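For the sequence shown, our numbering gives the first residue as 67, with consecutive numbering after it. Report on the structure given below.
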Amino acid sequence: MFRILPKSFPPLGLIVLLGVFSACDGNSPSSPSGSGRLSVELTDAPTDEVSEVNVFVTGLTIKPSDGPVVRIANEIGLIDLLTLQGTTEELVTLGVEAGDYEFIQVDLDQERSNVVELDSGDTVPLQISSEEVKVLSGFTIPLGGDTTVTLDFDAEASLRQLGNGDWLLTPVITRVEAP
């Protein structure tokens, strides 16, 4: 199950609503083609190294082929990636300009991310090698249509324990093609 922690952050519904308004505030690229609907989902592959991999997602950004980057979500929250094994969770759904897009970027916050060690149950800080992860896989938003982009955050491939006992996350996120 998708968890947003801590409780001091606004509910996901409010974040999605704010994302919709920010996408419609005139800062998004204009196009005579109109708009469509974009959903961004997250999934994860299993790992047996830790019991939780909690990453704090500070935002999502998309890049239209013919315009500047557009921020589509802010402060999504703390997500335990291991709860996403074998399932997907929606991060945001909103209206955006129809057209071709070059990438989606996931922004992470190292200071608010952590792991829970399997043997001890201790919660320890998580070092993140890059807090901006671009998933370079183009996608199209059809006029009046829907597109779902599913991102696979591979904790097994991303997570390493260092010689000093600290945990390092080198984010490996790929786009999963729809069947």
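Glycine included, each C-beta is placed from N, C-alpha and C at the ideal position. Here the structure is a predicted model, which is why all the values come from computation and not from measurement.
{"Check": "Since residue 170 contacts residue 126 with CB under 8 Å, what's their CB separation in whole angstroms?", "Outcome": "6 Å"}
{"Check": "On the three-state DSSP scale, how would you describe residue 205?", "Outcome": "strand"}
{"Check": "Might you give, ordered along the chain, the residues of its own chain that have their beta carbon closer than 6 Å to the beta carbon of residue 203, omitting 5 neighbours on each side?", "Outcome": "241"}
{"Check": "Following the continuous beta strand (DSSP E) through residue 139, name the residue where it begins and the one where it ends.", "Outcome": "136 to 146"}
{"Check": "If we ignore side chains and look at the alpha-carbon of each, how far apart do residue 212 and residue 152 end up?", "Outcome": "23 Å"}
{"Check": "Check whether the Cβ atoms of residue 174 and residue 123 lie closer than 9 Å to each other.", "Outcome": "yes"}
{"Check": "Return yes when the Cβ of residue 236 is within less than 9 Å of the Cβ of residue 106, no when it is not.", "Outcome": "no"}
{"Check": "Between which two residues does the beta strand (DSSP E) containing residue 179 stretch?", "Outcome": "165 to 183"}
{"Check": "Since residue 101 sits in a beta bridge, which residues does DSSP pair it with?", "Outcome": "163"}
{"Check": "How would you write the range of the beta strand (DSSP E) that residue 117 sits in, first residue to last?", "Outcome": "116 to 130"}
{"Check": "When the distance is taken between beta carbons, is residue 144 closer than 9 Å to residue 110?", "Outcome": "no"}
{"Check": "Quick one: is the Cβ of residue 228 within less than 8 Å of any heavy atom of the ligand MG?", "Outcome": "What this structure holds is no ligand at all, so the ligand MG is not there to describe."}
{"Check": "Suppose you measure from the CA of residue 200 to the CA of residue 172; what does that come to, to the nearest Å?", "Outcome": "6 Å"}
{"Check": "Determine the DSSP secondary structure at residue 213, reduced to helix, strand or coil.", "Outcome": "strand"}
{"Check": "Between residue 120 and residue 190, which are expected to be in contact by the criterion C-beta below 8 Å, what is the C-beta distance as a whole number of angstroms?", "Outcome": "11 Å between Cβ atoms; not a contact."}
{"Check": "Residue 222: which of 128, 113 and 233 sits nearest, CA to CA?", "Outcome": "113"}
{"Check": "Among 228, 130 and 155, which has the Cα closest to the Cα of residue 142?", "Outcome": "155"}
{"Check": "Are there 16 or more other CB atoms within 10 angstroms of the CB of residue 208, so buried, or fewer, so exposed?", "Outcome": "exposed"}
{"Check": "Considering only C-alpha positions, which residue in the set 186, 206, 147 and 218 is nearest to residue 168?", "Outcome": "206"}
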